[in-house]
Amino acid sequence: MTVAFYITAAIALLTTMRVVTHTNAVHALLYFVISLLSVALMFYLIGAPFVAALEVIIYAGAIMVLFLFVIMMLNVGEEHARQERDWLSRRFWAGPGVLCAALLAITAWVIIETAHPSVGHEVVGARDVGASLFGPYLIAVQLAALLLLGGLVGASHLRRHDRRTPLRTDGGKGGES
Amino acid sequence: MNYIEFTVFLLPEIVLLVTALAVIGIDCARRGKAATGAGGTLASASLCAAGILVAALIILIMPQEGRIAGGMLVLDPLTRLFKLVLLAMTLVAVLMLMETRPVRHVGENFAVMLFAAIGMMLVVGTEELLVLFIGLELTGISLYVLVGFARSDIRSAEAALKYFLFGSVSAAFLLFGLSLIYGFSGSTELGEIGVAMQAGGMEPLLAVGLVMTLVGFGFKVAAVPFHLWAPDVYQGAPAPAAALVASASKVAGFFILAKVLLLGFAGAEGGAAWGGFQPGWVPLIGVMAALSMVVGNLAALVQNRVRRLLAYSGIGHAGFMLIALMAATPAALASVLFYVVIYGLTTLGAFGVVTVVLRAREGDRLSDFAGMSRQAPLLSFSMLIFFVSLAGLPPLAGFFGKFYLFTSAMGAQAAPGGQPGMLWLVLLALVMSAISLYYYLLVLKQIFFVEAAEGTPVIRASKTGTWTCSILAAATIVLGCYPGILLGPIRLAVGAAF
Amino acid sequence: MNPTLQTLAVTLGILFTLLHVAAVLIWVERRLLALLQDRLGPNRAGPLGLFIIVADVIKIFTKEDWIPPFADRPLYVIAPAIILLTALVGFTIVPVGPGMVVLDLNIGILFFLAFSSLGIYSTVLAGWASNSKYALIGGLRMAAQMFSYEVFMGLSLMGVVILAGSLNLSEIVEAQRGMWFVLPQFLGFVIFLLAGLAETHRLPFDLPEAESELVAGFHTEYSSMKFGIFFVGEYIGLTLIAAMIVTLFFGGWLGPAWIPAPLVFCFKTFAFILFFILMRAAIPRPRFDQMLSWGWKYLLPLALINLIATGALVLIRAD
Numbered sequence: 002m003t004v005a006f007y008i009t010a011a012i013a014l015l016t017t018m019r020v021v022t023h024t025n026a027v028h029a030l031l032y033f034v035i036s037l038l039s040v041a042l043m044f045y046l047i048g049a050p051f052v053a054a055l056e057v058i059i060y061a062g063a064i065m066v067l068f069l070f071v072i073m074m075l076n077v078g079e080e081h082a083r084q085e086r087d088w089l090s091r092r093f094w095a096g097p098g099v100l101c102a103a104l105l106a107i108t109a110w111v112i113i114e115t116a117h118p119s120v121g122h123e124v125v126g127a128r129d130v131g132a133s134l135f136g137p138y139l140i141a142v143q144l145a146a147l148l149l150l151g152g153l154v155g156a157s158h159l160r161r162h163d164r165r166t167p168l169r170t171d172g173g174k175g176g177e178s
Numbered sequence: 053m054n055y056i057e058f059t060v061f062l063l064p065e066i067v068l069l070v071t072a073l074a075v076i077g078i079d080c081a082r083r084g085k086a087a088t089g090a091g092g093t094l095a096s097a098s099l100c101a102a103g104i105l106v107a108a109l110i111i112l113i114m115p116q117e118g119r120i121a122g123g124m125l126v127l128d129p130l131t132r133l134f135k136l137v138l139l140a141m142t143l144v145a146v147l148m149l150m151e152t153r154p155v156r157h158v159g160e161n162f163a164v165m166l167f168a169a170i171g172m173m174l175v176v177g178t179e180e181l182l183v184l185f186i187g188l189e190l191t192g193i194s195l196y197v198l199v200g201f202a203r204s205d206i207r208s209a210e211a212a213l214k215y216f217l218f219g220s221v222s223a224a225f226l227l228f229g230l231s232l233i234y235g236f237s238g239s240t241e242l243g244e245i246g247v248a249m250q251a252g253g254m255e256p257l258l259a260v261g262l263v264m265t266l267v268g269f270g271f272k273v274a275a276v277p278f279h280l281w282a283p284d285v286y287q288g289a290p291a292p293a294a295a296l297v298a299s300a301s302k303v304a305g306f307f308i309l310a311k312v313l314l315l316g317f318a319g320a321e322g323g324a325a326w327g328g329f330q331p332g333w334v335p336l337i338g339v340m341a342a343l344s345m346v347v348g349n350l351a352a353l354v355q356n357r358v359r360r361l362l363a364y365s366g367i368g369h370a371g372f373m374l375i376a377l378m379a380a381t382p383a384a385l386a387s388v389l390f391y392v393v394i395y396g397l398t399t400l401g402a403f404g405v406v407t408v409v410l411r412a413r414e415g416d417r418l419s420d421f422a423g424m425s426r427q428a429p430l431l432s433f434s435m436l437i438f439f440v441s442l443a444g445l446p447p448l449a450g451f452f453g454k455f456y457l458f459t460s461a462m463g464a465q466a467a468p469g470g471q472p473g474m475l476w477l478v479l480l481a482l483v484m485s486a487i488s489l490y491y492y493l494l495v496l497k498q499i500f501f502v503e504a505a506e507g508t509p510v511i512r513a514s515k516t517g518t519w520t521c522s523i524l525a526a527a528t529i530v531l532g533c534y535p536g537i538l539l540g541p542i543r544l545a546v547g548a549a550f
Numbered sequence: 046m047n048p049t050l051q052t053l054a055v056t057l058g059i060l061f062t063l064l065h066v067a068a069v070l071i072w073v074e075r076r077l078l079a080l081l082q083d084r085l086g087p088n089r090a091g092p093l094g095l096f097i098i099v100a101d102v103i104k105i106f107t108k109e110d111w112i113p114p115f116a117d118r119p120l121y122v123i124a125p126a127i128i129l130l131t132a133l134v135g136f137t138i139v140p141v142g143p144g145m146v147v148l149d150l151n152i153g154i155l156f157f158l159a160f161s162s163l164g165i166y167s168t169v170l171a172g173w174a175s176n177s178k179y180a181l182i183g184g185l186r187m188a189a190q191m192f193s194y195e196v197f198m199g200l201s202l203m204g205v206v207i208l209a210g211s212l213n214l215s216e217i218v219e220a221q222r223g224m225w226f227v228l229p230q231f232l233g234f235v236i237f238l239l240a241g242l243a244e245t246h247r248l249p250f251d252l253p254e255a256e257s258e259l260v261a262g263f264h265t266e267y268s269s270m271k272f273g274i275f276f277v278g279e280y281i282g283l284t285l286i287a288a289m290i291v292t293l294f295f296g297g298w299l300g301p302a303w304i305p306a307p308l309v310f311c312f313k314t315f316a317f318i319l320f321f322i323l324m325r326a327a328i329p330r331p332r333f334d335q336m337l338s339w340g341w342k343y344l345l346p347l348a349l350i351n352l353i354a355t356g357a358l359v360l361i362r363a364d
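Residue numbers (my numbering), protein chains in the order written: chain A, 2 to 178; chain B, 53 to 550; chain C, 46 to 364.
Below you can see the structure in the form of structure tokens.
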């Protein structure tokens, strides 16, 4: 189990790196799907099968397809890949890369330093998840619904076509709505 | 816990939610007709105002106090007071939105504003990390949309995109940090986290969690080095949205930051004194405070657009408030909360004046304010009050805000077992305050002493605009003369809570 | 019998049956459609034209395996593999008889939903990787159709989960001893049937490949065995949906005691496959926007109502 966990974790890390570094949007997205699948497997291995299934159904199976749909609609082609390659020059990634590496090193050191109990001896099934969502976390669930509603109203506004007012690009003049 | 209790605790928020849905409903019903025009705006605005007033009334008369579901919802004098403050600020933003040019689908704009208010009220009324995060996200998403609402304006889109990118990355940091803290303490309730921290001491895992959490909150309160979004958002966003970001969102941000630091991270303060360094959140806040004061106030000197100037001055003010947070005493907390409310009110007023100028002159350069005192004397006088108060000159509220802020910080140093090393920061703050006076006066000079150039449009304020700004200015004067009417309740409530 | 050996036997049995069913279905579908449309269908090669299967296979294998030079090569090759893989893996949780299941998972239904949603990638990627406009439109349609219908596919099953009190498919079958769930969950059954048809992109929901509009939709550019795998994958997906309908709503392997359970299961599943083929002959294809708006405006609310009503009734009866 432990070996399987670390192999999956390594796959998740590698594929996530590829998501960032890949210049082809669709290929990057597929690496992301693999990364999500391996995270799901990790959830399964530490005893959370329900979360694992939701991860696959919602993230890998629905949201990523939505992303793919948008990329296909935008018809991202070779030109964008070239643009991406230009952006991947060293002067752009060197600084953030160093900072991220530092953060990674600190986090890794911290996790090694800290004495922590091992996880994964207890399997949390769908029934337990449901019971706690409708028990102690009831309020959080309801408020999350509110969050989604707010996002929905905002999104429905942003997607609306307004042909009468073309995009103003004169710059500098005020921004009143 | 049952649904009835839950509903009673959330009644003001539910009223706002129902109002928001009703506003959207009206908007949809009018879609068949010409959905533009002032009629729709007036209807939506009055409905919103009514909803906000009802919510405020409920908070005022509701005797309910206590905490349910492990601190997920908390009602005590302090949270009730700040929910009222947030409602008042949202009301002003709604009135400002009425002032801007009527656009299509204005109902959605009002509705999203109410969603932002709900989010901020949730943030204020919780002591639990999960609900805290949901509230912050609700606020964040609503504000991103509000900032990008003027879709015909590319600056608004740019501002929204920058705000969104910064916001989502900082939310990721916040969530990562909170999850590490949960991993450390085994609880999502602030009180229990504080207990675990006092027992556990400063572990490396906790340190990483602390830093990441502070990154997330640093974005919310626009402290250096997490301030980069602020100038673009203040300038690009529609003025009401920018006003909400600058005032209410900041109040909520500081409120919850103070609560998290003093309740949740109690016992992990550390020390920032010269030679007395100890790991904890105080040194981090200290660095953020010093940087914010210096960068904010110096950068404001060279701005030639008033909204950018307000953004940088806001960063500077965030630095002042962070100093008192370092003191970590109830007195200092009361002074921070007092200051942030005063700051929010004056910034709201300043943005109100800017809205009027923007509408008349299509810009907010310093020169666009020229000759304003002749054309709109009441507004110009209000602007004088706001800016003098922001600069912290005596008889106005801003002065007392700064006074309490700095005295409580020094008091914390003097007290036995208190936080040493505050003196240098307070001295720096005094210097920076003096510098800030210069750029506020630059704007006032344009308003009062420079004649408008030939052919510039005349600034004409509507009744609502003038009244709103005047009331805010009057509040600034009254709070300056009798700071006790706000500080008293805050002190009482803080005393009850800590 | 040794449990490992039994699992192995079940696995191989299911795999063997499935691959043959997929082959035989080619013939069944063509003959049956011809019958309904008053034609003869393939009747020359061998008895009843059965050897058409062999002829088809030979034809597909010997065709030139052409990869268009403008295609995205790795994705173009992977795409057909995904549909076969997800459909086959989806079968692992279907119990064909008491104890006869490859993976007796506690989250069986979720596992099925997960793999059926991963199956989308096959068609969408095929459409994208082909780099031609008909294929792209087919892929886009597939993506939109899938995530519109997937939403209530899961919701429509939750009524069954409430009644059975479990996500495990074997337990769900056992819970139907008194009454098949198709009666109390008729609405759920109809919604799942429609969602399943959309998920397997069968007529009347075959808009991603709609040959009268899009040449052949997402697999326009495919030839030889890659095309063949799409074909086989589609049939296995169809069989999977039929098997799930049987398991969830028609009592799975439950039947007269004198027939072996797996046979009962196969018989029921085959009946549903025939039903799907008949649907193809009987119903015309809707317009794409009509199909999406039905999904979101009628089927999704209906699925929610079904879920709430079922939950309420179960609660009332429990008191």
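Think of the CB as a built atom: it goes at the ideal place given N, C-alpha and C, for glycine as much as any other residue.
Quick one: grab the DSSP three-state call for residue i.
i                         : result
methionine 435 of chain B : helix
aspartate 87 of chain A   : helix
aspartate 79 of chain B   : helix
glutamate 114 of chain A  : helix
aspartate 129 of chain A  : helix
methionine 2 of chain A   : coil
alanine 298 of chain B    : helix
asparagine 351 of chain C : helix
Let me check one thing: in DSSP terms, what residues is residue i bridge-paired to?
i                         : result
isoleucine 120 of chain B : B/Leu125
lysine 357 of chain B     : Note that residue 357 of chain B corresponds to arginine in the displayed sequence, not to lysine. Per DSSP, B/Arg417.
glycine 142 of chain C    : C/Met145
glutamate 241 of chain B  : B/Glu180
So residue i and residue j are supposed to be a Cβ contact under 8 Å. How far apart are they, rounded?
i                         : j                            : result
alanine 464 of chain B    : phenylalanine 438 of chain B : With a Cβ gap of about 30 Å, alanine 464 of chain B and phenylalanine 438 of chain B do not count as contacting.
leucine 431 of chain B    : threonine 518 of chain B     : 6 Å
isoleucine 152 of chain C : phenylalanine 197 of chain C : Actually they are not in contact, since the Cβ atoms of isoleucine 152 of chain C and phenylalanine 197 of chain C sit about 19 Å apart, beyond 8 Å.
proline 97 of chain A     : glycine 122 of chain B       : Contact flag wrong, Cβ pair sits at about 38 Å.
isoleucine 76 of chain B  : glycine 159 of chain B       : 6 Å
alanine 293 of chain B    : valine 199 of chain B        : 5 Å
alanine 383 of chain B    : serine 460 of chain B        : 5 Å
Original post:
Taking Cβ-Cβ distances below 8 Å as the criterion, which residues of the region 92-116 of chain A are in contact with chain B?
Top reply: Ile107, Thr108, Trp110, Val111, Ile112, Glu114 and Thr115
Subject >> Against chain A: residues of the region 158-172 of chain B by CB proximity under 9 Å >> reply: Val158, Glu160, Asn161, Ala163, Val164, Phe167, Ala168, Ile170 and Gly171
Subject >> Interfacial residues, the region 39-70 of chain A to chain C, with Cβ spacing under 7 Å >> reply: Within the region 39-70 of chain A, those residues whose Cβ lies closer than 7 Å to any Cβ of chain C are, in chain order, Pro50, Phe51, Ala54, Val57, Ile58, Ala61, Gly62, Ala63, Val66, Leu67, Leu69 and Phe70.
Subject >> Sufficient close CB pairs (3 or more, under 8 Å) joining the region 239-252 of chain C to the region 336-351 of chain C >> reply: Touching, per the Cβ criterion.
Original post:
Does the region 51-67 of chain A touch the region 161-172 of chain C, meaning 3 or more C-beta pairs lie closer than 8 Å?
Top reply: The answer is yes - the region 51-67 of chain A touches the region 161-172 of chain C, with three or more Cβ pairs under 8 Å.
Original post:
Three or more beta-carbon pairs under 8 Å between the region 283-291 of chain B and the region 120-129 of chain B, yes or no?
Top reply: no
Subject >> Touching by the beta-carbon criterion (3+ pairs, under 8 Å), the region 167-178 of chain C and the region 144-154 of chain C >> reply: Taking 8 Å as the limit for Cβ pairs, the verdict is that the region 144-154 of chain C does not touch the region 167-178 of chain C.
Original post:
Between the region 296-308 of chain B and the region 364-379 of chain B, do at least 3 Cβ pairs fall closer than 8 Å?
Top reply: yes
Original post:
Are the region 293-311 of chain C and the region 217-236 of chain C touching, with three or more C-beta to C-beta distances below 8 Å?
Top reply: yes
Original post:
Counting pairs of beta carbons, one from the region 447-463 of chain B and one from the region 49-57 of chain C, are three or more of them closer than 8 Å?
Top reply: no
Subject >> Selection of the region 11-35 of chain A by Cβ proximity to chain C, strictly under 9 Å >> reply: Asn25, Val27, His28, Leu31 and Val34
**OP:** Count the C-beta pairs between the region 54-64 of chain C and the region 529-542 of chain B that are closer than 8 Å, then say yes if the count reaches three, no if not.
**Re:** With a cut-off of 8 Å, the region 529-542 of chain B and the region 54-64 of chain C do not count as touching, because too few Cβ pairs lie within range.
**OP:** Could you name the residues of the region 194-205 of chain C whose beta carbon sits closer than 9 Å to any beta carbon of chain A, in the order they occur along the chain?
**Re:** Glu195, Val196 and Gly199
Original post:
Are the region 134-145 of chain B and the region 383-403 of chain B touching by the rule of at least three beta carbon pairs closer than 8 Å?
Top reply: yes
Original post:
Looking at chain E, which residues of the region 143-158 of chain A have a Cβ within less than 7 Å of any of its Cβ atoms?
Top reply: Protein chains A, B and C are contained in the structure displayed, whereas chain E is not.
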